[in-house]
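Take a look at the structure below.
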Amino acid sequence: MASAAAENPAASDASAARAAITVIAAHPALEHSRITRRLMDAAAGVGAAPDGPAVDVRDLYHLYPDYFIDVAAEQAALGAAQLVVWLQPIHWYSMPPLMKLWLDEVFAFGWAYGPGGTALRGKDLWLVASTGGPEHSYHPAGYNRYFFDAYLPPYEQTARLAGMRWLPPLVLHGAHRVDEAGLGAHAGLFAERLRQWPEWPELEDLEPAAACEVPADARPAPGGEPAPAAAPALHGARQVRRTARDAHGP
Ligand SMILES: Cc1cc2nc3c(=O)[nH]c(=O)nc-3n(C[C@H](O)[C@H](O)[C@H](O)COP(=O)(O)O)c2cc1C
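Every position in the sequence shown, counted from 1, becomes a number in the numbering used here once 1 is added.
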C-alpha cells in the first residue's frame, strides 16, 4: 500500500491525519431513492466514527433547490477534500441536471483547469453510481447496446483535465430490482471502501494523476464579450443561466 501513498499526494496527506472526503450527492427525488439515499446515510455514518475519515456529504438538491449554486462554498469543500466522491443515479447515460450545472460552475477555468487551474490536482475522484438497466442490458446485445464503461469517458476526462486521479467506479446495476439484502450489502461495501481509502489494493496499479495542459487562448479573452450587467440586479434562473454561460467549460 505504500506505493499508493508515494505516488499520490492525496494518499500521503491522508496518512498524516483523518482523511478528508467530500461526497457530492445528486438525486432529484431522494424520497423515492432506494440506493442513493442509503449510500448517503452510509457515508455520513462513516464520517461520524471518530477513528474514520472526515466525510462531508453535500446533498446538492437539498442545498440548492433553486439551482443557485454557491460556487465559493463548493470550491472550498473540494479544496478541503483529498477524495471527492460523485454519488448519483445515472440519468440519460450521464449525470442528473443539477450535478451538471454544479460541474459547469464549480470546475471553473483558471481554478480547476487551464492556466492557474490547479486547485484539484492530486486529488482522487470516485464515481459511485446506480442504473435502472440491469448489467446485461449494458452489452452489445442488450438494449443499452454498449458496455457501461463506454459511457464513462466524459467523467474520466473531466478528472484528467483537472489533474485528478480517476478511481475505478462503483456501480450498482438494476437498482430497482435489487432486494433489501443486496442494497444493504452494497451500502456496506461503499462504507468499507470509504473507511479504507486510499488503502485499496487496485490503486497500486493506477497511474498517478496527470494534468492535461489547456492553453490560455483556449477560452475567449477576458473582456472579449460585453461585461455582464450589475450582478445584484439578477436573481434566480436568469442569474444561473448567465453564470453557466460565462463559465466557458472545456
Ligand atoms: C430521468 C431518468 C433518467 C434515467 N436514465 C437512465 C439511464 O440512462 N440508464 C439507466 O440504466 N437507468 C436510468 N434511469 C434509472 C436510474 O438510474 C435508477 O432509477 C437509479 O439509479 C436508482 O437509484 P435510486 O434508488 O437512488 O433512485 C433513469 C431514471 C430517471 C428518473
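Ideal Cβ positions, reconstructed from N, Cα and C, are used throughout, including at glycine.
Please read all numbers here as calculations on a predicted model, not as lab measurements.
- Look at residue 171 here: in three-state DSSP terms it is strand.
- Contact between the stretch 167-181 and the stretch 121-132 is established, with three or more Cβ pairs separated by less than 8 Å.
- Between the C-alpha atoms of residue 196 and residue 141 there is a straight-line separation of about 36 Å.
- Taken atom to atom, the span from the alpha-carbon of residue 78 to that of residue 184 is near 28 Å.
- Boundaries of the beta strand (DSSP E) around residue 127: 125-131.
- Three or more Cβ pairs closer than 8 Å define a contact, and the stretch 155-162 meets that threshold against the stretch 209-216.
- Per DSSP, reduced to three states, the secondary structure at residue 60 is strand.
- Looking at the DSSP output, residue 25 shares a beta bridge with 59 and 87.
- In the structure shown, the three-state DSSP call for residue 69 is coil.
- Counting along the chain, the unbroken alpha helix (DSSP H) around residue 100 starts and ends at 98-107.
- Straight through space, the alpha carbons of residue 116 and residue 150 are spaced by roughly 30 Å.
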